[in-house]
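Novice:
Protein chains: 2
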Amino acid sequence: MVVYELSDDEVDRLFRALADRTRRDIVRRTLLGEVTVSQLAGSYDMSFAAVQKHIAVLEGAGLITKHPHGRERRVRGNPETIRLAQNLLDQFEQVWRARMDRLDDLLSDDQLSNETP
Amino acid sequence: MVVYELSDDEVDRLFRALADRTRRDIVRRTLLGEVTVSQLAGSYDMSFAAVQKHIAVLEGAGLITKHPHGRERRVRGNPETIRLAQNLLDQFEQVWRARMDRLDDLLSDDQLSNETP
DNA sequence: TTAATATACAACCTAATGGTTGTATATGAA
DNA sequence: TTCATATACAACCATTAGGTTGTATATTAA
């Protein structure tokens, strides 16, 4: 499976998009099923335009897509991009795990040198 | 294993902290092994104070900790918090997967109603 | 055709972010 | 003790983010 290499800018946008509770909620709702912009706007205690901006940020990060249906736009969550974010975090974990492995190796070496003086 | 419930503010801070390439690099380096504030500051093309601020943001998000050693502060990455972020993304994935499961169930029901007319 | 609805988008405001420089303080080395 | 190093932190500045209101444009319903 080929996984896209995200640029620093894209990664910035991805995590930035997730760093807002309203946007995280929109992602959850749109992963659960398609909703229109109006339905989303009606769910939050802020103006229609404010919700529109959040939707634009999420779209820019690739976390959602909009699909025209007559005069309305249906918003759909994109699980692929969530996966990309998970991969990024996995890479951090691997860095740490690699370090732990090196420490384990050092310990084994010590044991060896004790066993063969 | 008990996993801490993060507040919305904490989640905001966590993803916000990850939404900057310099900070992500600091996290990587400090997961690889302890480094001092000076060492970090020397690695980026910006002022000491700017790097200090990035370190403060990461500390506020729980992604790193500082440990005094004489006059220097050693910075250490915190894999626990990476794990918390992973859990959050997993929750998004589960929302989507739950939806897929429901769709599968619907399909099965259709098949059944075809089989028993 | 006219009215209502769904969306888009510009202009504006305030607060937060990411950077700067300058100054203060603690610790270690000579 | 004196000097150099490591860190902290305040004050400032430009840009971005998150909100607002107001206006324009499609599309559907009457």
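Those protein sequences? They're chains A and B, same order as listed.
Residue numbers for the first sequence follow our numbering, so the first one is 112 and each next one is one higher.
Residue numbers for the second sequence follow our numbering, so the first one is 112 and each next one is one higher.
The beta carbon of each residue, even a glycine, is placed where N, CA and C say it ideally should be.
Predicted model, so just to flag it, every value in this text is computed and none were measured.
#1: My guess is that valine 186 of chain A and isoleucine 175 of chain A are in contact by the Cβ rule of under 8 Å, so how many angstroms apart are they, rounded?
#2: In this structure, does DSSP put arginine 135 of chain B in helix, strand or coil?
#3: Chain A beta carbons: is any one of them nearer than 9 Å to that of glutamine 197 of chain B?
#4: Buried or exposed for aspartate 212 of chain B, going by 16 or more other Cβ atoms inside 10 Å?
#5: Using a Cβ-Cβ cut-off of less than 8 Å, list which residues of the region 152-177 of chain A approach chain B; keep chain order.
#6: Give me the Cα-Cα distance between leucine 129 of chain A and aspartate 120 of chain A, rounded to the nearest whole angstrom.
#7: Please look up how many angstroms separate the CB atoms of leucine 233 of chain A and valine 122 of chain A, rounded, as I've assumed it's under 8 Å.
#8: Between which two residues does the alpha helix (DSSP H) carrying arginine 242 of chain B extend?
#9: Pick out whichever of A:Ile137, A:Gly144, A:Ala167 has its Cα sitting closest to the Cα of glycine 153 of chain A.
#10: Closer than 7 Å by C-beta to glutamine 202 of chain B: which residues in its own chain qualify, once you throw out the five before and the five after it? Chain order, please.
#11: In the DSSP output, which residue or residues are listed as bridge partners for proline 190 of chain A?
#12: Run through the DSSP bridge pairs and tell me what valine 162 of chain A is partnered with.
#13: Which class does arginine 184 of chain B belong to by DSSP, given the choice of helix, strand or coil?
#14: Buried or exposed, going by whether 16 or more other CB atoms sit within 10 Å of the CB of arginine 124 of chain B?
#15: Taking C-alpha atoms, which residue in A:Val168, A:Ala172, A:Ser149 lies nearest to alanine 196 of chain A?
#16: Quick one: give me the first and last residue of the alpha helix (DSSP H) that alanine 172 of chain A is part of.
#17: When the cut-off is 9 Å and only beta carbons count, does proline 190 of chain A lie next to chain B?
#18: Along chain A, which residues have their Cβ under 7 Å away from the Cβ of aspartate 119 of chain B?
#19: From arginine 208 of chain A to glutamine 150 of chain A, what does the alpha carbon distance come to, in whole angstroms?
#20: Going by other Cβ atoms of all chains shown within 10 Å of its Cβ, with 16 needed for buried, is glycine 144 of chain A buried or exposed?
#21: Starting from arginine 127 of chain A, find everything on chain B with Cβ-Cβ shorter than 8 Å and list it in chain order.
#22: Please report the straight-line C-alpha distance between phenylalanine 159 of chain A and lysine 177 of chain B, rounded to a whole angstrom.
#23: Whole angstroms is fine: what's the gap from alanine 161 of chain B's alpha carbon to leucine 217 of chain A's?
#24: Taking valine 138 of chain B as the query, report the chain A residues whose CB atoms sit under 9 Å from its CB, ordered along the chain.
Specialist: The structure says:
#1: 5 Å
#2: helix
#3: yes
#4: exposed
#5: none
#6: 14 Å
#7: Any question about residue 233 of chain A goes unanswered here, given that chain A covers just 112 to 228.
#8: An answer regarding residue 242 of chain B cannot be provided, because it is not within the stretch 112 to 228 covered by chain B.
#9: A:Ile137
#10: Closer than 7 Å at the Cβ level, and outside the excluded window around glutamine 202 of chain B, lies no residue.
#11: In the DSSP output, where bridge partners are listed per residue, proline 190 of chain A has none listed.
#12: In DSSP, valine 162 of chain A forms no bridge with anything.
#13: strand
#14: buried
#15: That would be A:Ala172, whose Cα lies nearest to the Cα of alanine 196 of chain A.
#16: First-last for alanine 172 of chain A: undefined, no H or E at that position.
#17: yes
#18: Residues of chain A passing the Cβ test: Arg132.
#19: 44 Å
#20: exposed
#21: Phe126, Arg127, Ala130
#22: 43 Å
#23: 36 Å
#24: Phe203, Val206
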